[in-house]
Structure formats: C-alpha cells, structure tokens
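Report on one structure; see the data block that follows.
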C-alpha cells in the first residue's frame, strides 16, 4: 500500500515528553528567576516614585510667597493625619503599578504584575521641630546662591562693630537720671540756702539761670517715642494679630526625626538676608499680610505693628546713644561745652565729683537728642555713619530742645548704616529659636489668609520623611509547567525610602 505524501503518522515517546517537560521547566525556572530581580527593581522604583508624587503636593503658598517646600501632613486640617498620608501613598502606588489604558486594546502582557500591601511612615521631621531647625535650614538653602562667604564675612564684621559700640555704653540713661536728681537736689538746696540768708539780710549770689539739657530730655521722654521720630504718626499701620494661638506660644505637634544643620555665622547671615527678602518692615512694609512691620515683630513679638515698631526704635535708640557718646568723648570742643553747662548748673557746690556727674548726665542727654534726629533719618530711608564726626553732628547743646520739635534730621551718608542694617544686627543676636517661631507664625497667619484656609499650621509641615512600602507578587512562570511540589507562595518585597525637599533644591 502506498503512503499518501505529507500524511505520515507521527508519535512522541514518553521519554521525549519527559525531556520536553524538563526543558520547559528549566526554561520557565530561569525566566522566573530573572523575573524576581525585575520585581524588586519595579518595587524600588515605584516606592520612590510614589514618595516623590506625594511630595509634589507641597503647600503652594509657602512655595510661591516664601520659596519654601513643605508637605502639609494635616492636609488642610490643624492636626497631622498620617492615615491619610499612607492612604495617599498606597493609592499612588497602586495606580503606578496598574496604570489604566496600558498596552494594546484587549491585550495585557505585564510580566511584572504586583500589588502594594502596606505603607508605614517610619520617621518625619516637622518645620517646628528642634526650635525650628528644619525651617532655618531650608530658609538658608534658598538663599545660599545669593550670598557668598566673603560677602557674609563683611556683613558679620559690620554687625560686630555695632555690637561692640553698644557694649561700650554703661547704662547711660541711668547716669542721666542720676544726674537729673542730683542737679535738681543741689539747686533746690542752694535756692533754700539763699532764701534763708536773704531773710537774715545777707547778700547772696543768685543761681545762674541755665537751660538744663538733662531736665529737657527727661520731659521729652514722657511723650511717645514714635510721635518724636515718625513724620506722620497718623499714617502708621494699625494692624494687629492674636498671639494666643501663635507658633511661639502654643503646644506644638512634634515629629520623630531630626537632622544636623549647620548654624555658624555664615548660615545665620544668610538667614538674616532671607528674612529681609521675604518679610516687610517700616521702611519697606508688607503689602497684604496680617502685619506691615514684620521684621519688627520678629524682634519684639508684640501683637500690633505700632508696639513692635516702638520696641525696635527704642533698641536702635540705645545703639545710637552709645555711638553718639563715643563721638562726644572724642570731641574736645563738645566735652568743654558740656563742662561749661555743668559748671553753670552746679559749679556753686565747688565739688568736682558733683560737677563731673552733671557733665556725664549732660553728655548722655545730648547723645539722646542727637539720636532722636538720627532715627528720623533712618526711618526716612537714609543712612548714617556708626560713629559721627563733628561735621556730621546736628544738634547744639544750647538749643537742645529744638531736636524734639519739627522734623530736624541728621545728615545722610551713603556708606553708613540704614534702618534695615540695624534691624539685621538686632535679628542676628536674637534668640534663634524665638526668631524661628516668630517667622513661622507670620507665615502661618499670612498663608491662612492667602489660601482661605484658617486651619493651616506650620507644625504640620514636613520637609523630610522616611517610609517603608511593602509589595506582593505571585509567581508567574512556575504555574505554567510544574514538576514536583513547587510553592505557590507570593513574593514579598519591602522598600525603605528617605525623601527630603532639601535634596531637591
């Protein structure tokens, strides 16, 4: 019988079947072994991607207004909600693992199918932790490219000079008060003595009528300082805030992670520049915030703009008085003028110690009057030398009352110190924790207005966290060909990730 061409019967022996099964098992085992590292890589990439996606939901007003990146762990509420954060991470993970619309229509060929099973937030750092160290560090990072180390050194030297000048003054206002009491007491005693002698028919030398600079300054100090130095007191800001719930005063939420951040002179100078850039003051007021004089609030911490401005002015007054006293001590002509007035006031005592005390009080009063006209110049946007020369001096001792009337100002010098320079000096020596909290309080209250959300809190803001994400994947190729007892248990992958906005700047 002839065989029909192309229709031969075939068969596969048991041996060949077993060999093919072994080869297939080896092949699929190799494929599964190659698949496992791919699953680990996918889990690793997805964990980082989900963390970055969550951090991409930063608080917008902080970024747009203050150049700071923070994630609001409260999600618009006052208290931190880690459950919501974890849910958000799980959702993002699952969406990344199983994207909609992937592949060709009707075809699903994903060899790395897996699911996310758990997310644990291990650590997180809040802006207010460790006295606001995290906030300080990011503020510094945002400004470092704008200030070189050499420029910061020059600013630091300038600040140090003002501090040294201020420390030279040994309670000048106390000396002025002591001199005022002594001059008044001695002149009253002499007047009484003259009266008694005149009643006895004796001839007496009447007390010389002399304008007492110390008494004039004392009387002027009873009036508000702002009315003396501000050109239009009626135009001062009347804004005020409630301090009962301020970042500085309230019980703050705490993170469970902290980092090391440099706080040397360079970082602190850069930080001062950050504050000057993003916070208003009297000479450059804020526009749409809760306060206009924000830098002054950082110094004084009082509720209203006017209270904070007044406090800042008094502190600058103390620096200017110390500097002006040094200028007087170095001017022999002015020292002799002060001695002449002191002698006219209490020279009748013929006591050198009393005359010297009167002279010291007169010098302090003169320095105070000069400082008043100095501050007018500073508040007007001008600059002044730290130590004046005789050519820079504005007031005269025999017409000292004129310093408090009108709008007499000191002469400006382009190479001098501005109002903001003095604020910077004082902010540099401010308690760092207090300064950080007050800055965040201004930010918090402003952001509540700008965002329309009254629940936003700076102690809910994080810039760094560490999280652990767990994944699960089932074997794929082992299921296609099985020889013997092969486990069908799912693979477990755990990825630990740290993410920080500081690393992205």
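Numbering (the numbering used here), first residue to last: -10 to 494.
Cβ atoms here follow ideal geometry from the backbone N, Cα and C, with glycine treated the same way.
For residue 162, there are no CB contacts under 6 Å within the same chain when 5 residues up- and downstream are skipped.
257 is the residue among 257, 190, 310 whose C-alpha sits nearest the C-alpha of residue 140. For residue 110, there is no enclosing alpha helix (DSSP H); the residue is part of the beta strand (DSSP E) that begins and ends at 104 to 115. In the three-state scheme derived from DSSP, where H, G and I count as helix and E and B as strand, residue 343 is classed as helix. In the three-state reduction of the DSSP assignment, residue 148 falls in the helix class, which pools H, G and I.
Distance between residue 49 and residue 386, taken at the CA atoms: about 57 Å.
DSSP lists 112, 487 as the bridge partner or partners of residue 455. Take residue 226, set aside five residues on each side of it, and the residues of its chain with a beta-carbon closer than 6 Å to its own are 281, 294, in chain order.
Listed in chain order, the non-local C-beta contacts of residue 66 below 7 Å within the same chain comprise 444, local neighbours out to five positions each way being set aside. Residue 25 is classed as exposed because its beta carbon has fewer than 16 other beta carbons within 10 Å across all chains shown. Between residue 165 and residue 350, the beta carbon gap of about 5 Å places them in contact (Cβ cut-off 8 Å).
Residue 224 sits in a helix when the DSSP states are folded into three classes. Cβ-Cβ distances below 7 Å link residue 175 to 335, 338, 343 in the same chain, with the five nearest sequence neighbours on each side left out; the list follows chain order.
By the C-beta criterion, the segment 456 to 466 is judged to be in contact with the segment 101 to 119, since at least 3 inter-stretch pairs fall below 8 Å.
In this structure, the CA atom of residue 252 is about 16 Å from the CA atom of residue 117. Non-local C-beta neighbours of residue 331 in its own chain, meaning closer than 6 Å and more than five positions away in sequence, comprise 344, 347, 348, 351, ordered along the chain. Note on geometry: alpha-carbon atoms of residue 432 and residue 123 lie some 15 Å from one another.
By the criterion of a C-beta distance shorter than 7 Å, residue 259 is surrounded in its chain by 129, 132, 133, 136, 141, once the five residues flanking it on both sides are discounted. The segment 415 to 429 makes no contact with the segment 33 to 40; the number of CB pairs closer than 8 Å stays below 3. Look at residue 119 here: in three-state DSSP terms it is helix. Between the alpha carbons of residue 147 and residue 371 lies a gap of roughly 17 Å. Of all C-beta pairs linking the segment 52 to 70 to the segment 444 to 455, three or more are shorter than 8 Å, placing the two stretches in contact. Shown here, residue 450 sits in a strand according to DSSP, grouped into three states. Classified as buried, residue 363 has 16 or more neighbouring CB atoms from the shown chains inside 10 Å of its CB. Residue 313 holds the alpha-carbon nearest to the alpha-carbon of residue 381 among 393, 326, 357, 313. Taken atom to atom, the span from the alpha-carbon of residue 234 to that of residue 76 is near 30 Å.
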